[in-house]
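Enquirer: Chains as they are written, first to last, in our numbering: chain A, 192 to 521; chain B, 4 to 540.
Have a look at this one.
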């Protein structure tokens with residue numbers, strides 16, 4: 192029966208071997224130190240045993256050399272672990288530039304995944320083999336944590352902001368997906384399956400769903416909620432132009448600068464007065480309660496898809512001719 | 004009194020009756036009062052743990068409902084952390100032994116000492132009420148926004164209970180710090196203090212400085228939940244992760260409130276039963292202070308996957324490795340203390356050996372969690388559960404029992420059965436490892452903590468863990484049995500049954516109400532077993 196116990200989870204992402212190698216190294220180092228102490232304790236306890244309780248021990252008080260040795264050597268060893276672990280960590284948290292993005296929201300007690308092409312799924316996540324995938328997610332209620340053990344990745348889902356994990360699947364198959372941050376009654380039921388597919392199968396699966404792409408859905412919302420009437424692409428509107436803004440820096444009325452990323456766009460829709468762009472009036476109403484998390488993600492995807500219009504119409508001839516909004520290259 | 008000699012006046016028989024205990028200002032009696040309340044909390048926490056382990060023997064949720072399960076592990080954590088681990092060594096053993104060890108008649112503020120106990124009991128009653136009237140289900144960490152907006156359980160009452168109990172810890176810390184500064188016997192300089200006193204001093208500083216933060220944090224949670232303030236609610240401009248920063252700013256140092264005093268007890272016991280000085284006395288003493296100081300600077304290592312900046316994660320990872328070094332130094336010094344000792348294998352020492360084995364594993368697995376690249380995978384899995392149980396139960400509780408066995412003859416005047424105590428130490432050691440070692444493997448396999456229902460492939464390891472827990476339960480029950488039995492049938496201990504150095508052994512067992520007939524004068528270090536002294540290298 193004992194042979195049936197697995198000791199390590201499957202390695203199904205590019206990150207898994209990196210994490211495992213570090214794990215083996217730390218296991219070896221710590222096992223060495225643990226054994227060292229245990230062996231000495233056992234040897235001393237037996238060798239110097241006094242059954243009478245009458246004798247006294249040797250009057251040794253200490254040794255500065257030994258103290259320094261067993262402070263400095265463990266410190267140096269731990270610094271090796273620290274450095275290695277930090278390198279692995281930065282690889283884990285820094286997604287490469289070109290990734291397939293998938294959006295997700297956690298809420299009690301399920302995970303919803305939204306593919307850019309329009310497919311959405313609940314408690315299942317289909318991803319292609321061999322391609323870097325980035326999952327951007329938030330929570331609609333309390334804290335959750337998206338955890339895929341076979342990929343060795345995890346990040347908390349926090350209401351009000353976006354988190355992300357990335358991985359390149361290296362093995363087709365089905366893997367566990369867990370909620371790792373306690374979230375109430377059915378916390379242990381907030382689980383799902385990651386399905387890693389051959390790229391062709393993935394394409395076939397994607398096209399099977401139909402529905403609007405996320406940016407098209409975002410464009411719809413952009414029209415419906417009247418965003419379009421102020422955020423004119425030429426910059427002449429009452430709100431700043433959003434064209435090409437994603438990934439740039441924006442100066443605020445306070446003089447501070449802010450990176451235009453997922454979180455900033457989300458914040459600007461829900462609490463527009465908080466980080467107001469310099470040169471604009473606080474006119475924008477809040478859309479809190481009017482647009483749900485998926486709607487917000489679609490809007491972000493739409494805003495990301497808006498190509499830069501150059502210097503806001505000042506010198507149109509210098510800018511590459513933009514494609515139609517919503518359909519442009521990302 | 005069954006003894007044939009005329010009963011001597013001791014702190015136990017000087018007055019009889021419930022009132023004489025409930026109004027006592029004697030530090031020794033207050034220690035016993037704490038022991039009673041903590042034992043109740045330990046039993047309660049143990050029963051909750053048993054419920055958890057029974058549920059987890061099968062992957063399905065078939066023993067209790069999900070809501071009940073969530074209450075069980077939460078109340079297990081609340082009872083054990085706030086009402087067992089934090090008070091166990093300082094408030095029981097510290098209260099009883101520390102004034103004796105420094106040759107004082109009592110602590111500096113005996114009335115405040117009694118007040119601490121009452122405050123503790125009132126906090127405990129609030130928390131018990133919360134448990135009786137439906138329980139609490141947030142996990143002992145009370146993370147927002149679950150605790151502030153979603154939970155339908157008694158978060159307020161529990162929060163208020165812990166808030167109140169915190170003041171007991173602050174008052175005890177203040178009392179001990181002042182006592183150690185002002186009440187030492189003539190000639191008892193800082194570097195002649197027993198290491199247990201050093202550890203209590205370091206702990207007192209943490210209690211005084213860190214505990215107010217949890218009080219404020221819980222108060223914020225209470226107003227957030229009751230009045231909807233929005234401190235932790237992103238919809239109102241708050242930040243749910245702020246709670247985690249505040250919570251761990253106390254709760255990580257609190258780990259050192261739990262482990263430093265047992266470390267001190269370990270130093271006492273190991274010196275006594277090796278008949279030697281503790282190797283590197285000043286390094287062991289200062290490592291307590293170093294742990295107390297560095298312990299304040301590592302809180303965010305609980306937040307590595309909670310969206311903090313990777314650069315700040317790097318800093319906190321580095322500091323977490325740094326705080327491991329003083330603990331390693333202590334362990335090496337204890338090991339070296341055994342070298343060329345005259346090692347007398349008595350039961351307290353067996354609990355120390357258990358402590359060293361378990362604390363080693365607990366401390367070293369902390370390095371896995373301090374490692375950023377590993378923590379991403381391990382965070383919130385059973386690996387973490389195993390790690391902190393190795394520290395808190397394997398370390399703190401083993402250390403508490405080592406100290407309790409060591410000072411039991413002094414507290415009660417009675418000897419317990421040495422062979423029963425050896426057996427109990429062995430059972431606890433084996434049961435503990437069987438319970439918690441499989442959880443490291445479960446954690447690396449990816450089983451998240453706080454799961455009522457789990458994937459089938461995790462079952463074998465969970466069954467092993469539950470089997471271990473039953474051995475652990477037998478071990479603890481045995482311990483309680485022979486200790487209680489010794490009160491009735493135990494042989495008289497005499498003033499110094501272990502032939503230990505230290506002022507507490509220079510007075511009768513149990514001590515007279517005023518501790519010493521005349522104030523002792525000290526003119527040597529604490530572990531003067533041999534008259535010669537050698538300093539190597």
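In this text, a Cβ means the ideal position worked out from N, Cα and C, and glycines have one as well.
Bear in mind that the values here come from a model prediction, so they are computed numbers and not experimental data.
1. For the segment 277-302 of chain A, which residues have a beta carbon sitting closer than 9 Å to at least one beta carbon of chain B?
2. At a Cβ cut of 7 Å, what residues of the segment 197-214 of chain A count as close to chain B, listed as they run along the chain?
3. Alpha carbon to alpha carbon, what distance is there between residue 293/A and residue 328/A?
4. With a CB to CB cut of under 7 Å and the five nearest residues on each side skipped, what residues in its chain are close to residue 500/B?
5. For a cutoff of 8 Å on Cβ pairs, would you count residue 518/A as touching chain B?
6. Please confirm if residue 313/A has its CB atom under 8 Å from at least one CB of chain B.
7. In three-state terms, what does DSSP make of residue 226/A?
8. What residues of chain B sit near residue 372/A, judged by a beta carbon separation below 7 Å?
9. Helix, strand or coil: how does DSSP classify residue 468/B here?
10. Would you decide whether residue 210/B is buried or exposed? Buried here means 16 or more other CB atoms lie within 10 Å of its CB.
11. Along the beta strand (DSSP E) that carries residue 184/A, what are the first and last residues, could you check?
12. Can you find the residues in the same chain that come closer than 6 Å, C-beta to C-beta, to residue 421/B, ignoring five residues on each side of it along the sequence?
13. Flag this pair as yes or no: are the beta carbons of residue 448/B and residue 476/A separated by less than 8 Å?
14. Please report how far the alpha carbon of residue 451/A lies from the alpha carbon of residue 352/A, in whole angstroms.
15. CA-CA distance, residue 249/B and residue 20/B?
16. For residue 540/B and chain A, any beta-carbon pair shorter than 8 Å?
17. Is DSSP giving residue 302/A helix, strand or coil here?
18. When the Cα atoms are used, what is the spatial distance from residue 227/B to residue 152/B?
19. From the DSSP secondary-structure annotation, give me the bridge partner or partners of residue 370/A.
20. Any beta carbon from chain A within less than 8 Å of residue 413/B's own beta carbon?
21. Helix or strand or just coil, what does DSSP make of residue 325/A?
22. Of all the alpha helix (DSSP H) runs that stay within the bounds of the segment 405-444 of chain A, which reach a length of 4 or more residues?
23. So residue 92/B packs on residue 403/B, CB below 8 Å; how close in whole Å?
24. Count Cβ pairs between the segment 293-305 of chain A and the segment 226-241 of chain A that sit closer than 8 Å; are there 3 or more?
25. Please report the straight-line C-alpha distance between residue 321/A and residue 345/A, rounded to a whole angstrom.
26. Quick one, which residues of the segment 330-341 of chain B are near chain A if we go by CB-CB under 9 Å, in chain order?
27. Buried or exposed for residue 357/A, going by 16 or more other Cβ atoms inside 10 Å?
28. Would you tell me roughly how many angstroms separate the C-alpha atoms of residue 121/B and residue 223/A, rounded to the nearest one?
29. In the DSSP assignment, what residue or residues form a beta bridge with residue 358/A?
30. So is residue 504/A in contact with chain B if we call contact Cβ pairs under 8 Å?
31. Mind pulling the chain B residues with CB within less than 7 Å of residue 357/A?
32. Can you say whether residue 65/B is buried or exposed, counting buried as having 16 or more other CB atoms within 10 angstroms of its CB?
33. Return the first residue and the last residue of the alpha helix (DSSP H) that residue 100/B is part of.
34. At the level of alpha carbons, what is the spacing between residue 408/A and residue 485/A?
35. According to DSSP, is residue 306/B helix, strand or coil?
36. Rounded to the nearest angstrom, how far is the Cβ of residue 199/B from that of residue 271/B, given a contact under 8 Å?
Expert: According to the data block:
1. 277, 278, 279, 280, 281, 282, 283, 284, 285, 299
2. 197, 198, 199, 200, 210, 213, 214
3. 8 Å
4. 412, 418
5. Because the pLDDT of residue 518/A is 37, which lies under 50, any placement of that residue in the model is unreliable, and the number read from its coordinates should be weighed accordingly. No, no contact with chain B.
6. no
7. helix
8. 383
9. helix
10. buried
11. Given that chain A is displayed from residue 192 to residue 521, the structure contains no residue 184/A and the question cannot be resolved.
12. 350
13. no
14. 13 Å
15. 44 Å
16. Because residue 540/B sits at a pLDDT of 48, beneath the cut-off of 50, its placement in the model cannot be relied upon, and the following sentence gives the value as read from the coordinates. At least one chain A Cβ lies under 8 Å of residue 540/B.
17. strand
18. 8 Å
19. 337/A
20. no
21. strand
22. 405-415, 418-421
23. 5 Å
24. no
25. 19 Å
26. 331, 332, 334, 335, 336, 337, 338, 339, 340, 341
27. buried
28. 47 Å
29. 324/A
30. The predicted position of residue 504/A is uncertain, since its pLDDT is 39 and thus under 50; a value taken from the coordinates is nonetheless stated next. No, no contact with chain B.
31. Residues of chain B passing the Cβ test: none, with the nearest at roughly 12 Å.
32. exposed
33. 98-104
34. 10 Å
35. coil
36. 5 Å
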